[in-house]
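Asker:
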Amino acid sequence: MIHFKAIGKIMGALLMLFSLLMFPGVGFALYHGSDDLMALSISVGVSFLTGFGLFSTFSKQDQNIRKREGYLIVSLSWFLMSIFGMLPYILSGAVESIPDAIFETVSGLTTTGATILTDIEGTAPGILFWRSMTQWIGGLGIIVLTVAIFPLLGIGGIELFVAEAPGPTSDKLHPRISETAKRLWMVYIGLTFLLGIIYFLQGMSLFDAVNHCLTTMATGGFSTRSDSMAYFSPFIQYTSIIFMFLAGTNFTIIYFGLKGKFNRVWASDEFKAYLISVIALVFLLVWPVWYYSGEGFEKAFRDSLFQIIALITTTGYVTADYTAYHSGLTLVFFMFLFLGASAGSTSGGIKFIRHLTFFKNSWLEFKRIVHPRAVVPLKINGDRVTGKIVTHIMNFLLIYLMIFVLGSIIISLLGYDILTSFGAVATSLGNVGPAIGRVGPMDNFAFFDPTAKVFLSFLMLLGRLELFTILVLFTPYFWRAN
Numbered sequence: 000m001i002h003f004k005a006i007g008k009i010m011g012a013l014l015m016l017f018s019l020l021m022f023p024g025v026g027f028a029l030y031h032g033s034d035d036l037m038a039l040s041i042s043v044g045v046s047f048l049t050g051f052g053l054f055s056t057f058s059k060q061d062q063n064i065r066k067r068e069g070y071l072i073v074s075l076s077w078f079l080m081s082i083f084g085m086l087p088y089i090l091s092g093a094v095e096s097i098p099d100a101i102f103e104t105v106s107g108l109t110t111t112g113a114t115i116l117t118d119i120e121g122t123a124p125g126i127l128f129w130r131s132m133t134q135w136i137g138g139l140g141i142i143v144l145t146v147a148i149f150p151l152l153g154i155g156g157i158e159l160f161v162a163e164a165p166g167p168t169s170d171k172l173h174p175r176i177s178e179t180a181k182r183l184w185m186v187y188i189g190l191t192f193l194l195g196i197i198y199f200l201q202g203m204s205l206f207d208a209v210n211h212c213l214t215t216m217a218t219g220g221f222s223t224r225s226d227s228m229a230y231f232s233p234f235i236q237y238t239s240i241i242f243m244f245l246a247g248t249n250f251t252i253i254y255f256g257l258k259g260k261f262n263r264v265w266a267s268d269e270f271k272a273y274l275i276s277v278i279a280l281v282f283l284l285v286w287p288v289w290y291y292s293g294e295g296f297e298k299a300f301r302d303s304l305f306q307i308i309a310l311i312t313t314t315g316y317v318t319a320d321y322t323a324y325h326s327g328l329t330l331v332f333f334m335f336l337f338l339g340a341s342a343g344s345t346s347g348g349i350k351f352i353r354h355l356t357f358f359k360n361s362w363l364e365f366k367r368i369v370h371p372r373a374v375v376p377l378k379i380n381g382d383r384v385t386g387k388i389v390t391h392i393m394n395f396l397l398i399y400l401m402i403f404v405l406g407s408i409i410i411s412l413l414g415y416d417i418l419t420s421f422g423a424v425a426t427s428l429g430n431v432g433p434a435i436g437r438v439g440p441m442d443n444f445a446f447f448d449p450t451a452k453v454f455l456s457f458l459m460l461l462g463r464l465e466l467f468t469i470l471v472l473f474t475p476y477f478w479r480a481n
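At the far end of the sequence shown sits residue 481, using numbering that gives the first Met the number 0, and the numbering has no gaps.
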């Protein structure tokens, strides 16, 4: 039996915290004297009061949650955040329709970065800040934050952390899960603050610096400029490259690096694969980009490095139109939408650890064919990977591919060309932002009809929550009583 009252209590706490994170937008609106002040204030009030009502109503309920409650809370929390998170857009008039508001909110919370806004510079400052904040909230996951806060409320959170943490594994830095969450958020907040200072010192306005440090560390890609990072200087772009790469790194690896435990950093097979892949891809692509772009070598190198990291980490910033080089290069950049950076990072996508496991297991399969009696274990980071984990990863990859194909068919049946359908589904499922077709790096998603926008929003949530967290809710086993 699912404890719905306990779920109601936790959802109330989540919603109150969500409203508090919405509040700084009121300050920006007040400072700039913009007309979105009332919309943001009402949104904060409605969100907090609703959360307080839920929490106080069920405050005496048993706080212990099991795996089923954990998955249900995570899925429902993202649904609730999407509903209440779109209020500022609707009430301010920045977005005219509910499907558009849902799309923009879900794109922010899932750190996808796809947008329906056509006049970024003309959007009110408070709304732009809230737009960036949604990505920062979704970056490491509000559930991980609440796992750190919940012990103060007498609520356990291990099942929430397992359901929310990005990637197939969630390494602990401390035996207590709340301490792990706190340390991850300390790294996240610290890097965000540091990046904001660097952006400001490099010439960004304070408003631009605040917004871009939020969306860079979240690997989100929302910008206060229609030209994205192309608007800013090469020095700022190089800084963005460094921090996008860090944001795409497992945060436990960053933590060990900050503690001086570099042996733990280099012991990670996923980090080595991530780093070597980026270096190799830049070396291979800089030459054709230089040739087809007609730009100087430094510009070609910077654009190649920037777009490779922006797509692999699913940040989605752009400095150049990679679809304008050559059809072959367009296909290569499209394939990056299926990579994803590291598990335990703020990036979306499939993640390197899954690709690494797949290729290692496939390579070992040839050895097993030649030596059928031999025991050939698969090892990652020196540890043996169990058959259960391998099966889970293989199933994930297959289901991911099936959803991509089915989703592309659905979008094409709604009347869109095949390249646009492939691009929209791949970038939504991978939480990237730009893609190919009519959703290339210089385009947006405003032209999609309401049905397509809602469907793509669902795909963003599927990708952000690693498929199974949501899909398990559609199985009869989940709802069957114990």
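Ideal placement from N, C-alpha and C gives every residue a C-beta, glycine not left out.
Since VAL471 and TYR70 should fall inside the 8 Å C-beta cutoff, what is the C-beta to C-beta distance between them, to a whole number of angstroms?
Answerer: Mapped onto the sequence shown, residue 471 falls at position 472. Mapped onto the sequence shown, residue 70 falls at position 71. So it is a contact: roughly 6 Å between Cβ atoms.
Asker: In this structure, what does DSSP give as the bridge partners for ILE379?
Answerer: The residue you call residue 379 lines up with position 380 of the sequence shown. Answer is ASP382.
Asker: With a threshold of 16 other CB atoms inside 10 Å of the CB of MET80, please say whether the residue is buried or exposed.
Answerer: In the sequence shown, residue 80 corresponds to position 81, counting from 1. By the 10 Å Cβ count, MET80 comes out buried.
Asker: Within 10 angstroms of its Cβ, does ALA5 collect 16 or more other Cβ (buried), or is it exposed?
Answerer: In the sequence shown, counting from the first residue as 1, residue 5 sits at position 6. Buried: at least 16 other Cβ atoms inside 10 Å.
Asker: What does the Cβ neighbour count give for THR419, buried or exposed, with the cut at 16 atoms within 10 Å?
Answerer: Within the sequence shown, numbered from 1, the residue matching residue 419 stands at position 420. When all chains shown are included, THR419 counts as buried.
Asker: Taking the alpha carbon of LEU86 as the point to measure from, which residue in THR111, PHE22, LEU75 has its own alpha carbon closest?
Answerer: In the sequence shown, residue 86 corresponds to position 87, counting from 1. For LEU86, the nearest C-alpha among the options comes from PHE22.
Asker: What residue from THR104, SER204, VAL209 has the CA that sits closest to LEU194's CA?
Answerer: Locating residue 194 in the sequence shown gives position 195, where the first residue counts as 1. Nearest of THR104, SER204, VAL209 to LEU194, Cα basis: VAL209.
Asker: Indicate whether PRO440 and THR322 have their beta-carbon atoms separated by less than 8 Å.
Answerer: Numbered from its first residue, the sequence shown carries residue 440 at position 441. Numbered from its first residue, the sequence shown carries residue 322 at position 323. Yes, these two residues count as a Cβ contact at 8 Å.
Asker: Report the rounded CA-to-CA distance for GLY189 versus PHE255, giving the unit in angstroms.
Answerer: Position 190 of the sequence shown holds residue 189. Position 256 of the sequence shown holds residue 255. Computed Cα separation, rounded: 15 Å.
Asker: To which residues of the same chain is GLN306 closer than 6 Å at the C-beta, ignoring the five residues directly before and after it?
Answerer: Numbered from its first residue, the sequence shown carries residue 306 at position 307. Within the same chain, GLN306 has close Cβ partners TYR321.
Asker: Mind checking whether SER55 and LEU14 have CB atoms under 8 Å apart?
Answerer: Residue mapping note: residue 55 aligns to position 56 of the sequence shown, counting from 1. Residue mapping note: residue 14 aligns to position 15 of the sequence shown, counting from 1. No, they are not a contact pair.
Asker: Is PHE83 helix, strand or coil by DSSP?
Answerer: Taking the first residue of the sequence shown as position 1, residue 83 is located at position 84. Of the three classes helix, strand and coil, the one that applies to PHE83 here is helix, per DSSP.
Asker: May I ask which residues mark the beginning and end of the alpha helix (DSSP H) holding ASN262?
Answerer: Numbered from its first residue, the sequence shown carries residue 262 at position 263. That run of the alpha helix (DSSP H) goes 261-265.
Asker: How far does the alpha helix (DSSP H) with TYR291 in it reach, from first residue to last?
Answerer: What you label residue 291 is simply residue 292 of the sequence shown in a count that begins at 1. 268-292 is the extent of the alpha helix (DSSP H) around TYR291.
Asker: If the criterion is Cβ atoms closer than 8 Å, does the pair LYS366 and VAL374 meet it?
Answerer: What you label residue 366 is simply residue 367 of the sequence shown in a count that begins at 1. What you label residue 374 is simply residue 375 of the sequence shown in a count that begins at 1. No. Outside cutoff.
Asker: Comparing C-alpha positions only, which one of ARG479, GLU95, GLY7 sits nearest to LEU75?
Answerer: As a position in the sequence shown, residue 75 is number 76, starting the count at 1. Nearest of ARG479, GLU95, GLY7 to LEU75, Cα basis: GLY7.
Asker: State buried or exposed for ILE241, treating a residue as buried only when at least 16 other CB atoms are found within 10 Å of its CB.
Answerer: What you label residue 241 is simply residue 242 of the sequence shown in a count that begins at 1. When all chains shown are included, ILE241 counts as exposed.
Asker: Could you check where the alpha helix (DSSP H) with VAL317 kicks off and where it finishes?
Answerer: For this step, residue 317 is matched to residue 318 along the sequence shown. No alpha helix (DSSP H) holds VAL317; DSSP gives it neither H nor E.
Asker: What's the gap between the Cα of SER40 and the Cα of PHE199?
Answerer: The count along the sequence shown starts at 1 and reaches residue 40 at position 41. The count along the sequence shown starts at 1 and reaches residue 199 at position 200. Near 28 Å, if we compare the C-alpha coordinates of PHE199 and SER40.
Asker: ALA180 by DSSP, collapsed to three states: which one?
Answerer: Position 181 of the sequence shown, counting from 1, holds the residue named residue 180. Three-state result, ALA180: helix.
Asker: Count the other C-beta atoms from every protein chain shown that fall within 10 angstroms of the C-beta of MET216, then say buried if there are 16 or more, exposed otherwise.
Answerer: If you number the sequence shown from 1, residue 216 lands on position 217. Looking at its Cβ environment, which holds 16 or more other Cβ atoms inside 10 Å, MET216 is buried.
Asker: Kindly indicate the opening and closing residues of the alpha helix (DSSP H) around PRO371.
Answerer: Taking the sequence shown and counting its residues from 1, one reaches residue 371 at position 372. Neither: PRO371 is in no alpha helix (DSSP H) and is coded neither H nor E.
Asker: Can you check whether the CB of LEU213 is closer than 8 Å to the CB of LEU183?
Answerer: As a working mapping, residue 183 is identified with position 184 in the sequence shown. As a working mapping, residue 213 is identified with position 214 in the sequence shown. No, they are not a contact pair.
Asker: Please report the straight-line C-alpha distance between SER232 and ILE308, rounded to a whole angstrom.
Answerer: Position 233 of the sequence shown, counting from 1, holds the residue named residue 232. Position 309 of the sequence shown, counting from 1, holds the residue named residue 308. Those two C-alpha atoms are separated by around 18 Å.
Asker: Ends of the alpha helix (DSSP H) at ALA451?
Answerer: If you number the sequence shown from 1, residue 451 lands on position 452. Note, ALA451: alpha helix (DSSP H), 449-463.
Asker: Give the secondary structure of TYR201 by DSSP, where H, G and I count as helix, E and B as strand, and everything else as coil.
Answerer: By one-based count along the sequence shown, residue 201 stands at place 202. The amino acid occupying residue 201 in the given sequence is Gln; Tyr does not appear at that position. Correct three-state label for GLN201: coil.
Asker: Quick check on this structure: which residue in TYR273, ASN262, SER326, SER276 has the alpha carbon closest to the alpha carbon of TYR291?
Answerer: If you number the sequence shown from 1, residue 291 lands on position 292. Per the Cα distances, SER326.
Asker: What three-state label does DSSP hand PHE350 in the structure shown?
Answerer: Position 351 of the sequence shown, counted from the start, is the residue given in the question as residue 350. Reading off the sequence, residue 350 comes out as Lys, not Phe. Correct three-state label for LYS350: coil.
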